[in-house]
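Asks: If you scroll down you'll find the structure; I have some questions about it.
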């Protein structure tokens, strides 16, 4: 990865930058909670009608699934652990549920078995409609594939791995493989738990404590992990080549002592979403795989008193990373809502989320429509579709820090506007630490 510097300064200067006022762990009034309504009413229409403006109020009667809503790489299927709503204090039985999202109307299929699942079970959908489930039984991780068989649920047992804990990684882009990561203090084990020939298979043992998990290509070969070496030190994203026995190469190196994590990657455009404390404190930034340009940390991606996390990148934008629409989950005191941003637009659009949205779940179509799965008292399975708002209008002035829209759009400049620099891409981990001027 060539994103190894910070725009507008050296890596050394970035680590000593003024971190600004200390952020509170309990935000009181998120920025954009009032302005979200101005943009949330346009282009946000779901299966149950228009999405109301502003951060959506939580649905009190909805079951609180302990895990997350997981989507296949192409967005055709989703899976979650859920339960029917019940009276307060009443114990409910958890069961897997598969959502079919690639048809004319989304629908959910429950996949219960003869006994309820534990709240810490994890489910991942496959491209053929089956759902992988990981269960912890004593000190073993058990894996099975679930699928509907008429009114019942079929189960294919895959095997078990003896370890204290394991996290399933996002579904592989190939649609048939699922990997699990068992982290340790001195090394982490990467397992192929679905898609192998003989049950769970150990793929690689990686020195250090690993976390995260982002796919870098559409073949399911290159996997990015966030790694801390044995004995401590900063966390750095590395690339793992699954076809070369888990060979590890550096991916992010913004500053020697900075923690550089990869959050999202788009295989078509090469756009990377990064979280790093190289500027002095944790910031959300972006770079391009294979580019010699530095990582940039837009001001518009750090609104006050909220947490911003990217969860989906628009596919199909070949060689145009700056035009990709990025969906972000915004969490504040008022709840969770949606942000949409493009690198070239330099502004963060804040929109309402549908009631009952599985916060942080969603996918883009190639033509720039964001699909958000949700369930509430009115519908047990639905998808809201939001068209990415345009970035028309004057850009922020060069070097400015104020908003250009009177405060109604929640936008801020991302830094000084500079002419494009023509650079030759360099291999992973060999980017310059400083931007160099083009030759005369």
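Numbering (our numbering), first residue to last: 86 to 525. Where a beta carbon is used, it is the ideal one built from N, C-alpha and C, also for glycine.
Applying the 10 Å Cβ sphere with the 16-neighbour rule, what's the burial state of residue 443?
Replies: Your numbering for residue 443 matches position 358 in the chain shown. So residue 443 counts as buried.
Asks: Is residue 408 helix, strand or coil when you go by DSSP?
Replies: In the chain shown, counting from the first residue as 1, residue 408 sits at position 323. The answer is helix: DSSP assigns residue 408 an H, G or I state.
Asks: Could you check which residue in 335, 189, 451, 403 has the C-alpha nearest to that of residue 472?
Replies: Taking the chain shown and counting its residues from 1, the one referred to as residue 472 is at position 387. Among 335, 189, 451, 403, the Cα nearest to that of residue 472 is on 451.
Asks: Return helix, strand or coil for residue 385, following the three-state DSSP convention.
Replies: Taking the chain shown and counting its residues from 1, one reaches residue 385 at position 300. Helix at residue 385.
Asks: Between the C-alpha atoms of residue 169 and residue 430, what's the straight-line distance to the nearest angstrom?
Replies: For this step, residue 169 is matched to residue 84 along the chain shown. For this step, residue 430 is matched to residue 345 along the chain shown. Cα-Cα distance, rounded: 42 Å.
Asks: Return the bridge partner residues of residue 294 from the DSSP annotation.
Replies: Numbered from its first residue, the chain shown carries residue 294 at position 209. Beta-bridge pairing links residue 294 to 313.
Asks: Out of 276, 273, 156, 357, point me to the one whose CA is closest to residue 408's CA.
Replies: Within the chain shown, residue 408 is the residue found at index 323, counting from 1. Checked all of 276, 273, 156, 357; the closest Cα to residue 408 is 357.
Asks: CB-CB under 8 Å to residue 309, same chain, minus the five flanking residues each way: which ones, in chain order?
Replies: What you label residue 309 is simply residue 224 of the chain shown in a count that begins at 1. 297, 298, 299, 300, 301, 322, 323, 324, 325, 336, 347, 350.
Asks: Alpha carbon to alpha carbon, how far is residue 263 from residue 257?
Replies: As a working note, residue 263 is residue 178 in the chain shown. As a working note, residue 257 is residue 172 in the chain shown. Spanning the two alpha carbons is a distance of roughly 6 Å.
Asks: For residue 460 versus residue 469, is the C-beta distance shorter than 8 Å?
Replies: Residue numbering aside, residue 460 sits at position 375 when the chain shown is read from its first letter. Residue numbering aside, residue 469 sits at position 384 when the chain shown is read from its first letter. No, these two residues do not count as a Cβ contact at 8 Å.
Asks: Classify residue 251 as buried or exposed, calling it buried when 16 or more other Cβ atoms lie within 10 Å of its own Cβ.
Replies: Numbered from its first residue, the chain shown carries residue 251 at position 166. With 16 or more Cβ atoms within 10 Å of its Cβ, residue 251 is classed as buried.
Asks: DSSP on residue 447, reduced to helix/strand/coil?
Replies: Here residue 447 refers to the residue found at position 362 of the chain shown. Coil.
Asks: Locate the beta strand (DSSP E) running through residue 422, then write down its first and last residues.
Replies: As a first step, residue 422 must be located in the chain shown, where it is residue number 337. Unbroken beta strand (DSSP E) run through residue 422: 420-426.
Asks: Tell me, to the nearest whole angstrom, how far the beta carbon of residue 157 is from that of residue 265; I am working on the premise that it is less than 8 Å.
Replies: By one-based count along the chain shown, residue 157 stands at place 72. By one-based count along the chain shown, residue 265 stands at place 180. No, residue 157 and residue 265 are not in contact; Cβ-Cβ is about 17 Å, not under 8 Å.
Asks: Can you find the residues in the same chain that come closer than 7 Å, C-beta to C-beta, to residue 284, ignoring five residues on each side of it along the sequence?
Replies: To locate residue 284, count along the chain shown from 1; it is residue 199. Closer than 7 Å at the Cβ level, and outside the excluded window around residue 284, lie 243, 244.
Asks: Report the three-state DSSP secondary structure of residue 392 (helix, strand or coil).
Replies: The residue given as residue 392 occupies position 307 in the chain shown. The answer is strand: DSSP assigns residue 392 an E or B state.
Asks: Count the other CB atoms within 10 Å of the CB of residue 453; is the residue buried (16 or more) or exposed (fewer)?
Replies: The sequence position of residue 453 within the chain shown is 368, counting from 1. Residue 453 is buried by the Cβ-count criterion.
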